[in-house]
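Peer 1: The structure that follows is given in the form of structure tokens.
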């Protein structure tokens, strides 16, 4: 197996990394194509994970009423978090659009299950946080 990447492949990888941005205001209400969604989830499931534990789950949330409840919970937490900063930063923080929960027809809830593979996972016993870090890799 040849593990070398071509210059074009390397360039594409760096372009993807360097152009990555948080997107909060450019969602579309158009449903995502199932083939594209499957490809995205397939790639996420191939993210590196400590001890090949893959300690994540992906929950697809399409129901508007459920997304509305999630948005309400988010808004309550945003207000709670705003109390950690003083004015004028608090007002600025509260003005930021930090989510697109209702803008998109699909939310993907990513969970972390530290019990996957039982109490011993190679690499996680000495650094328990590596399970959570694995989930972060799957999200990216």
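Residue numbers (the working numbering): 117 to 256. C-beta: ideal position from N, C-alpha, C; glycine also.
Under three-state DSSP, which class holds residue 153?
Peer 2: DSSP places residue 153 in helix when its eight states are reduced to three.
Peer 1: Are the beta-carbon atoms of residue 237 and residue 172 separated by less than 8 Å?
Peer 2: No, Cβ-Cβ distance for residue 237 and residue 172 is not below 8 Å.
Peer 1: Could you check which residue in 229, 239, 178, 118 has the C-alpha nearest to that of residue 150?
Peer 2: For the residues 229, 239, 178, 118, the minimum Cα distance to residue 150 belongs to 178.
Peer 1: I'd like to know if the segment 230-245 and the segment 207-221 are in contact, where contact means that at least 3 CB-CB pairs between them fall below 8 Å.
Peer 2: Cβ pair count under 8 Å is below three, so no.
Peer 1: Can you tell which of 215, 127, 163 has its C-alpha closest to the C-alpha of residue 190?
Peer 2: Nearest option by C-alpha distance: 215.
Peer 1: Give the DSSP bridge partners of residue 176, in chain order.
Peer 2: Answer is 224.
Peer 1: Less than 8 Å separating the beta-carbons of residue 163 and residue 253?
Peer 2: Yes, they are a contact pair.
Peer 1: Excluding the five sequence neighbours on either side, which residues of its own chain have a C-beta within less than 6 Å of the C-beta of residue 187, listed in chain order?
Peer 2: So the qualifying residues of the chain are 217, 218.
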